[in-house]
Amino acid sequence: MIVGESNAPPTRTGKRHISVCVLIDALGWKILEERQFLNDLLVYRQPLRTVLGFSSGAIPSLLTGKTPSQHGHWNLFYYDPSGSPFAWLRWLRYFPDWLVNNRVSQKLIKEAGRRFFHMGSQFECYVKPTLMPYFNWVERRCIYEPGGISGARSIFDDFVACGIPYRAYSYHHWNDEQILELAQNDLENSDAEFFFVYLCQLDAELHSFWAHPERLQSMLAHYEEKLRGIFETALRLDPNASIASCSDHGMAPVTDRFDLVKEIDALGWKMPDDYLGVYDSTMARFWFFNEKARESMNACLEKQMCGRILSDEELEELGVYFPDRRFGETIFLLDSGWMFYRSDFHSGNWLPNGMHGYHPDDPYSDAVFLSNRRPEPPLKTIRDLHGYMEDASGVRASHPVETL
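Heads up, the final residue of the sequence shown is numbered 387 in my numbering, and it's a clean run with no missing numbers.
If you want it as structure tokens, here you go:
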């Protein structure tokens, strides 16, 4: 379903042509479609298909217009024993598990990764410290800056190449409230033309939305008030301004939980001798060093009724197939509504009633696009947001894409 009326494309009428694009993390079409949210300003409204996985793959996709298999960013951890910056931790495997695989050691490794190994300010030691020597971390640079995405040019690289003054705001430097205030101030007092505003704190509220709908409504109302001021300022300064809000993925209600770790551990195979596994909230990824372990574990996964192993053909179709298997030899995805009881990224103590990271075919996975005018060409997926930003900012007009 697409809501809204067509508007004329922007035309430059003065020295400063303003565009504002606000990315609200996890705001899904299923959540927003029957709600009022800046409907009078953002009259064109539609869902967008996301990519399989989480924000670590989705946001680079919308910033570059490429799939994860093209730009190289998908899940945060990938198998890379020869390039791992934590090879020196191999000696930890000779110590008792209780001594090295705990929160204290994970915190120490997190700080070492951030301060000494150039892993980026957002690096976290999610997997067991004894397994860190087998993995690398994909997001070493701030992806909201030029050169931040390892395998492809982003919209920020385009802005620099075309000499378009811009501002980008993200959690790397500020919280949502600070970002909203800064954007409002910079609209009035800077010469920037494109404003990329990333708000991430709604994601946390959406994880508990189905139990506390009043909290979501309150936060959306606050966003609406602040964004209305930003958008109206943009339109006052440039009546032909392009204003839009979008998201990277949606959020689905959690109805069931499954302890896959328990099922796999019961098979008796050991990490890292026989296999490696990384468990996310809705996805588990495995690498094998023992063929019997591969057969045994794949058989276990195939009999589960709450999810399935993704074939290479489907991974390729979804744009997340990597021939070197850096992100997993076997990838098991839960069905929508299911969540792992425990994973490397959370324990059984965290029981949200909303989750994302399901198949893009699930309607709850759809992201949103809201704008004051109909985009041309039409948008279908979050990857099309890159082209939208190119058009809105004038990148294509001032410097054809093929030459960038």
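Heads up, the beta-carbon is just placed ideally off N, CA and C, and yes, glycines get one too. Just so you know, these numbers come straight off a predicted model, no measurement behind them.
_Where the alpha helix (DSSP H) containing T364 begins and where it ends_ = Premise fails: T364 is in no alpha helix (DSSP H) and is neither H nor E.
*So V143 is in the alpha helix (DSSP H); what residue range does that whole segment cover?*
I138 to C145
*Assign Y27 to one of three DSSP states: helix, strand, or coil.*
strand
*Thinking C-beta only, is G233 closer than 8 Å to D63?*
no
*Are S228 and I42 closer than 8 Å when you measure CB to CB?*
When the beta-carbon positions are compared, S228 and I42 stay at least 8 Å from each other.
*Who are the near neighbours of L250 in its chain, counting only those whose CB is closer than 7 Å to its CB and skipping five residues on each side?*
S279, M280 and C283
*Top-ranked residue by Cα proximity to V3, from Y127, Y149, S264 and H190*: Y149
*At least one CB of chain C closer than 8 Å to the CB of W193: is that the case?*
Of the chains in the structure shown, none is chain C; there is only one protein chain.
*asked:* Output needed for D345: all residues of its chain with C-beta closer than 7 Å, excluding positions within five of it in sequence on either side, in chain order.
replied: A235 and S319
_Backbone secondary structure at S389 - three-state DSSP_ = Any property of residue 389 remains undetermined from this structure, which presents the chain solely from -16 to 387.
*asked:* For G55 and G134, which I take to be in contact (beta-carbon distance under 8 Å), what is that distance rounded to the nearest angstrom?
replied: Contact between G55 and G134 holds: their C-beta atoms lie close to 3 Å from each other, under 8 Å.
*Would DSSP call W71 helix, strand or coil?*
Reduced to three states, the DSSP call for W71 is helix.
*Where are the alpha helix (DSSP H) runs, 4 residues long or more, that stay fully inside the region 6 to 62, in chain order?*
12 to 15, 38 to 47 and 51 to 54
_For F214, the three-state DSSP class (helix, strand or coil)_ = helix
*Can you find at least 3 beta carbon pairs, one from the region 352 to 369 and one from the region 213 to 230, that sit closer than 8 Å?*
yes
*asked:* Using only the alpha-carbon positions, how far apart do N273 and A217 sit?
replied: Approximately 60 Å between the Cα atoms of the pair.
_The alpha helix (DSSP H) enclosing V244, as first and last residue numbers_ = L243 to D248
*Taking 8 Å as the cut-off, decide whether the C-beta atoms of S225 and R366 are in contact.*
no
*Along the chain, which unbroken stretches of the alpha helix (DSSP H) at least 4 residues long are found entirely within the region 288 to 354?*
295 to 300
*Does the Cβ of N119 have 16 or more other Cβ atoms within 10 Å, making it buried, or fewer, making it exposed?*
buried
*Inter-residue Cα distance where the pair is G260 and Q184*: 29 Å
_Helix, strand or coil at N119 according to DSSP, with G and I counted as helix_ = In the three-state reduction of the DSSP assignment, N119 falls in the strand class, which pools E and B.
_Nearest neighbour of E207, chosen from D23, A9, W12 and R(-1) [CA to CA]_ = Minimum Cα distance to E207 is reached at D23.
*May I ask you to report which of helix, strand or coil DSSP gives R124?*
coil
*Cβ-Cβ separation, P335 to S191 (assumed contact under 8 Å), whole Å*: 6 Å
*asked:* Closest to V378 by C-alpha separation, out of Y127, G36 and G146, would be which residue?
replied: G146
*For the alpha helix (DSSP H) that A276 lies in, which residues bound it at each end?*
For A276, the enclosing alpha helix (DSSP H) has its first and last residue at E274 to E285.
*Would R240 pass as a contact of M322 if the rule is Cβ separation under 8 Å?*
yes
*Provide the residue span of the alpha helix (DSSP H) that contains A166, from first to last.*
D159 to N172
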